[in-house]
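**Q** Encoded as C-alpha cells, here's the structure I'll be asking about.
Protein chains: 2
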Amino acid sequence: MYQQVARVRHDGGMSRQPKYRQVADALRREIDNGTHPPGARLPSESELSERFEASRNTVRSGLGLLVSQGLVTSSQGLGYEVAKHEVFELNASRFENLNFEQNGDAYSTDVTNAGRRPHQTFRVEILPAPAAVAERLKAEPESRTVLRFCHRFVDDTPWSTQATYYPSWLIDEAPRLAEPGDIEEGTTRYLADRGIEQVGYFDEISTRMPTPDEARLLEVGAGVPVLLWMRTGYSAERPIRCTITTLRGDLNRMNYEIGDQSARGEGAPR
Amino acid sequence: MYQQVARVRHDGGMSRQPKYRQVADALRREIDNGTHPPGARLPSESELSERFEASRNTVRSGLGLLVSQGLVTSSQGLGYEVAKHEVFELNASRFENLNFEQNGDAYSTDVTNAGRRPHQTFRVEILPAPAAVAERLKAEPESRTVLRFCHRFVDDTPWSTQATYYPSWLIDEAPRLAEPGDIEEGTTRYLADRGIEQVGYFDEISTRMPTPDEARLLEVGAGVPVLLWMRTGYSAERPIRCTITTLRGDLNRMNYEIGDQSARGEGAPR
DNA sequence: TAGTGGTCTAGACCACCTC
DNA sequence: AGGTGGTCTAGACCACTAC
C-alpha cells in the first residue's frame, strides 16, 4: 500500500524538484504559453493525477501553489480556472483626487466609461482612532474620530474599501462630516467653504496578504495580495484627514504624475 | 483506520469552519495577542496535532495558511517561527530620487544610517525591449535597449531589484550608459551634462505574488507579495528611461509627498 | 541520534454543481 | 446520478538541524 519503499531517484543524483512542484511548473508553462488561456478550465484533479502519475493529493499540492500565486482559481463542483485580470488604473496625483467624494465620483465615472457598472455602500461611524490613524492625525491615541467608510464594487465584484478618518476638532467646524448622508458638493469643497483647505498630502503605499476580514470584504481568494494606500491630508496648519484605501491587488494599479508630463502624450501606457 | 465514518457534527447544524481553519485561526489569535511574539518558535506539528486532536496533515494545512499569509515562516529541521518585519520607507517623490544612481546612494545611506549593511550587485546588458518597456519608451517592440540592473541587499537579505532601460537613441548621445562600470557622477547628471534633462516622471505601482524567478532573486517565501514600481522618466521631448523596481512587500513601504507638507512636521509617521 | 518539517500515497467521506 | 473540488486520516520515508 505504501509505495515509498519503492521510490527511487531516476535523476542520477541531480537535484530535482519535488513532484508537486513539477506539476505546478508544467501547468504554469502551459498557462504562460497559451495552452490554457485566461478563463479556461484546467483538467480535473483526477486527469492530472493520471497524467503526472501522482496521487490526487500531490496534484492538489501543485495546484495549490498556482492558486496561492493567484494564477488560477478553484471552486467546488466546478473545477480550476485560469484567472483573468482586468486592471483598473487609479491616478493618485491629480488634484481632483484630493477630493474624497469627488474621487468616488471619478471612480464611478471611470467605471461607467469602461462599460462596467459601479456600485458602492457607504456608512459613517464615530469611533476611537486606531493607533496608525491617531499618529498621522497628530491626535491622542483612542481620541474620537469620524469614520466615513465606503465599500466599492464593479459589476458586483468587490473592488476596494476606503476609510476616511477625520479628527474630532474638525467635526466642531464641519459637523456634517459626522452625519450619515452624502455630502453633495464633496467633502473637500464643504471643508474649503468652512475655511479648511487641503494644501498637500502624504501618501504611503504598501502591500501584504489580506487579513481574514479583508478577504471577506473583497472576496479575494488565496494568492491575491492587497494594495494598501494611506493618504494623510494637510491644511496649512495641521492634518485634517487620513484615508486608508484597501485595493484588490489583482484588479488595481496606481499611478503618479510628477513634474512635466508634456512628453508623455495621449497614447500613454494604459 | 478511516475514521470519517464516525465523524459527526457537534454543532447542531451551525455552519462550522473546517478543522484546519480552526487551527489557523487559533494560532493567529495567539500571535496577535502576543502569546507567540515575533521571532518566537511555534509548537511543533506533532504537539499541535495532539492539542487540536487533528492529524499531522490537518495541522500542516492550517500552518500552511499562516505561512501563505506571511505570518509565520518554516524551515526544515528548525520549526515554525513567527515572522518579524522591519519595514523600510522609500520616498518616491523627492527630486533626488529622479537620479537613479543617486537613488542607489540614498538607499545605501539610509541603510547605513539604520545601522545595517547595504550591498548591491550591478550589471549592464544590451537586449531587446520587453513589450511593457517598449510601450513606455515609445520605442519599437524588440528594439535595442540598454539595461542597467541592480540587485540590492541589506545585511545579506535580498531587498529589491531595479532594472533601468534606456532607449537605443540615447546611447548614441550618452555612450557611457552602455558601459559596464558605474557612472560616478550619477546617470542623471551625466545625461543632464549632455543636454538630456529629466523634467518629469510617471510612476505606476502594482502588487502581485512573485514569479518563481523573483522568488529566487528576492528569496521570499510563500505568502509574501512583491511591490512593482515602474517609473518612466521624460525629457521635455520624449521618454528617456524606464525603471522597474521589484520590492519585497514585507520589507518596503513607498511614500509620496504631494503639495504643501509644512504641516506634516518632523515627527511624521515613521 | 533524535526531533523537526517536507513529500507522497491510498483511501474515505462531504459539499457543491450540472445534467 | 455522476463528476468536481474540499477535508481529513494514517502512515511511510526523506532531508535538515541540533546535540
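Protein chains in written order, with this note's numbering: chain D, 612 to 881; chain Y, 612 to 881. The beta carbon of each residue, even a glycine, is placed where N, CA and C say it ideally should be.
1) Determine whether the beta carbon atoms of residue 679(Y) and residue 679(D) lie at a separation below 7 Å.
2) May I ask you to list, following chain order, the residues of the stretch 791-823 of chain D that have a beta carbon less than 7 Å from some beta carbon of chain Y?
3) Using Cβ-Cβ distances below 7 Å, what residues of the stretch 833-858 of chain D are close to chain Y?
4) Between residue 702(D) and chain Y, is there a C-beta pair that is closer than 7 Å?
5) Just to confirm the assignment: which complete alpha helix (DSSP H) runs, minimum length 4, are found wholly within the stretch 784-814 of chain Y?
6) What is the rounded straight-line gap between the Cα of residue 696(D) and the Cα of residue 861(Y)?
7) Is it buried or exposed for residue 775(Y), if we count other Cβ within 10 angstroms and need 16 for buried?
8) Excluding the 5 residues preceding and the 5 following residue 635(D) in the sequence, name in chain order all residues of the same chain whose CB lies nearer than 6 Å to its CB.
9) Could you check the C-alpha separation between residue 750(Y) and residue 845(Y) for me, to the nearest Å?
10) Under the rule that 16 or more other beta-carbon atoms within 10 Å means buried, what is residue 823(Y), buried or exposed?
11) With a Cβ-Cβ cutoff of 7 Å, do residue 659(Y) and residue 670(Y) count as a contact?
12) Have a look at 641(D), 741(D), 685(D) and 848(D) and flag the residue whose alpha-carbon is nearest the alpha-carbon of residue 871(Y).
13) For residue 700(D), list the residues DSSP reports as bridge partners.
14) For residue 821(Y), tell me which candidate among 835(D), 829(D), 826(D) and 810(D) has the shortest Cα-Cα distance.
15) Mind checking if residue 860(Y) is an interface residue toward chain D, Cβ cutoff 7 Å exclusive?
16) At the level of alpha carbons, what is the spacing between residue 762(Y) and residue 769(Y)?
17) Can you look up residue 685(Y) in the DSSP assignment and give me helix, strand or coil?
18) Return the CA-CA distance between residue 741(D) and residue 784(D), expressed in angstroms with no decimal places.
19) Along chain D, which residues have their Cβ under 7 Å away from the Cβ of residue 867(Y)?
20) What is the DSSP secondary structure of residue 654(Y), counted as helix, strand or coil?
21) Is the shortest distance between the beta-carbon of residue 625(Y) and the beta-carbons of chain D less than 7 Å?
22) How should residue 648(Y) be labelled, buried or exposed, when 16 other C-beta atoms within 10 angstroms of its C-beta is the threshold for buried?
23) Keeping to the same chain, check which residues put their C-beta closer than 6 Å to that of residue 733(Y); ignore five residues upstream and five downstream.
24) For residue 856(D), which option in 637(D), 703(D), 668(D) and 720(D) has the closest C-alpha, if you only look at C-alpha atoms?
25) Can you name the start and end residues of the beta strand (DSSP E) that residue 827(D) belongs to?
26) From 819(D), 691(D) and 686(D), pick the residue whose C-alpha is nearest to that of residue 863(Y); which is it?
27) Compute the Euclidean distance between the alpha carbons of residue 719(D) and residue 701(D), then round it to the nearest angstrom.
28) Please confirm whether residue 815(Y) and residue 813(D) have their CB atoms less than 7 Å apart.
29) Any idea what DSSP makes of residue 837(Y), helix, strand or coil?
30) So, under 8 Å CB-CB, residue 596(Y) and residue 735(Y) are touching, yes? Tell me the CB distance rounded to an integer number of Å.
31) List, in chain order, every chain D residue whose beta-carbon is nearer than 7 Å to that of residue 681(Y).
32) Under 8 Å between beta-carbons, which chain Y residues line up against residue 871(D)? List them in chain order, please.
33) Relative to the C-alpha of residue 843(D), which candidate in 693(D), 633(D), 645(D) and 746(D) has its C-alpha closest?
34) Going along chain Y in order, which residues have a C-beta closer than 7 Å to the C-beta of residue 874(D)?
35) How would you write the range of the alpha helix (DSSP H) that residue 738(Y) sits in, first residue to last?
36) According to DSSP, simplified to helix, strand and coil, what is residue 771(D)?
**A** Quick answer:
1) Here residue 679(Y) refers to the residue found at position 68 when the second sequence is read from its first residue. Here residue 679(D) refers to the residue found at position 68 when the first sequence is read from its first residue. Yes.
2) 810, 811, 812, 813, 814, 815, 816, 817, 818, 819 and 820
3) 833, 834, 836, 838, 845, 846, 847, 848, 849 and 850
4) Locating residue 702(D) in the first sequence gives position 91, where the first residue counts as 1. Not closer than 7 Å to any Cβ of chain Y, the Cβ of residue 702(D) fails to qualify, so no.
5) 798-804
6) As a first step, residue 696(D) is located in the first sequence; it is residue number 85 there, counting from the start. As a first step, residue 861(Y) is located in the second sequence; it is residue number 250 there, counting from the start. Taking the Cα positions, residue 696(D) is about 24 Å away from residue 861(Y).
7) Numbered from 1 along the second sequence, position 164 holds the residue referred to as residue 775(Y). Buried.
8) Reading the first sequence from its first residue, position 24 is the one you call residue 635(D). Excluding five sequence positions before and after residue 635(D), the CB atoms of its chain that fall closer than 6 Å to its own CB belong to 673, 676 and 677, given in chain order.
9) For the purposes of this step, residue 750(Y) is identified with residue 139 of the second sequence, where counting begins at 1. For the purposes of this step, residue 845(Y) is identified with residue 234 of the second sequence, where counting begins at 1. Straight-line Cα distance between these residues: approximately 13 Å.
10) Locating residue 823(Y) in the second sequence gives position 212, where the first residue counts as 1. Residue 823(Y) is exposed by the Cβ-count criterion.
11) Residue mapping note: residue 659(Y) aligns to position 48 of the second sequence, counting from 1. Residue mapping note: residue 670(Y) aligns to position 59 of the second sequence, counting from 1. A contact, by the Cβ cut-off of 7 Å.
12) On the second sequence, position 260 is the one that residue 871(Y) refers to. Checking every option, the nearest Cα to that of residue 871(Y) belongs to 848(D).
13) The residue given as residue 700(D) occupies position 89 in the first sequence. DSSP lists 864(D) as partners of residue 700(D).
14) Stepping through the second sequence from its first residue, residue 821(Y) is reached at position 210. Residue 821(Y) has its Cα closest to that of 835(D), out of 835(D), 829(D), 826(D) and 810(D).
15) Position 249 of the second sequence, counting from 1, holds the residue named residue 860(Y). Chain D, which has a Cβ nearer than 7 Å to the Cβ of residue 860(Y), makes this yes.
16) Position 151 of the second sequence holds residue 762(Y). Position 158 of the second sequence holds residue 769(Y). About 8 Å.
17) In the second sequence, the residue the question calls residue 685(Y) occupies position 74. Looking at residue 685(Y) - three-state DSSP - the assignment turns out to be strand.
18) Counting from 1 along the first sequence, the entry for residue 741(D) is found at position 130. Counting from 1 along the first sequence, the entry for residue 784(D) is found at position 173. Their backbone Cα atoms lie some 22 Å apart in a straight line.
19) Taking the second sequence and counting its residues from 1, the one referred to as residue 867(Y) is at position 256. Correct list: 814 and 867.
20) Here residue 654(Y) is taken as the residue at index 43 of the second sequence, counted from 1. Annotated three-state conformation of residue 654(Y) is coil, per DSSP.
21) Here the question's residue 625(Y) lines up with position 14 in the second sequence. Caution applies to residue 625(Y), whose pLDDT of 45 falls short of 50 and renders its modelled position unreliable; the value that the coordinates give is listed next. With 7 Å as the cut-off, residue 625(Y) does not count as an interface residue toward chain D.
22) Looking up residue 648(Y) in the second sequence gives position 37. Exposed.
23) Within the second sequence, numbered from 1, the residue matching residue 733(Y) stands at position 122. So the list reads 761, once near-sequence residues are dropped.
24) Taking the first sequence and counting its residues from 1, one reaches residue 856(D) at position 245. For the residues 637(D), 703(D), 668(D) and 720(D), the minimum Cα distance to residue 856(D) belongs to 703(D).
25) By one-based count along the first sequence, residue 827(D) stands at place 216. Careful: residue 827(D) lies outside any beta strand (DSSP E), inside the alpha helix (DSSP H) at 823-829.
26) Sequence index remark: in the second sequence, residue 863(Y) carries index 252 (1-based). Cα-wise, what sits closest to residue 863(Y) is 819(D).
27) As a first step, residue 719(D) is located in the first sequence; it is residue number 108 there, counting from the start. As a first step, residue 701(D) is located in the first sequence; it is residue number 90 there, counting from the start. Distance between the alpha carbons of residue 719(D) and residue 701(D) is about 12 Å.
28) Translated into the one-based positions of the second sequence, residue 815(Y) becomes position 204. Translated into the one-based positions of the first sequence, residue 813(D) becomes position 202. No.
29) Residue 837(Y) sits at position 226 when you count from the first residue of the second sequence. Here residue 837(Y) sits in strand by DSSP.
30) There is no way to answer for residue 596(Y), as the model of chain Y reaches only from 612 to 881.
31) The residue given as residue 681(Y) occupies position 70 in the second sequence. Those are 819 and 820, listed as they occur along chain D.
32) Within the first sequence, residue 871(D) is the residue found at index 260, counting from 1. Those are 810, 811, 845 and 847, listed as they occur along chain Y.
33) For the purposes of this step, residue 843(D) is taken as the residue at position 232 of the first sequence. Ranking the options by Cα distance to residue 843(D), first place goes to 746(D).
34) What you label residue 874(D) is simply residue 263 of the first sequence in a count that begins at 1. Those are 845, 846, 847, 848, 849 and 850, listed as they occur along chain Y.
35) By 1-based counting over the second sequence, the position of residue 738(Y) is 127. Premise fails: residue 738(Y) lies in the beta strand (DSSP E), 729-739, not in any alpha helix (DSSP H).
36) Your numbering for residue 771(D) matches position 160 in the first sequence. DSSP places residue 771(D) in strand when its eight states are reduced to three.
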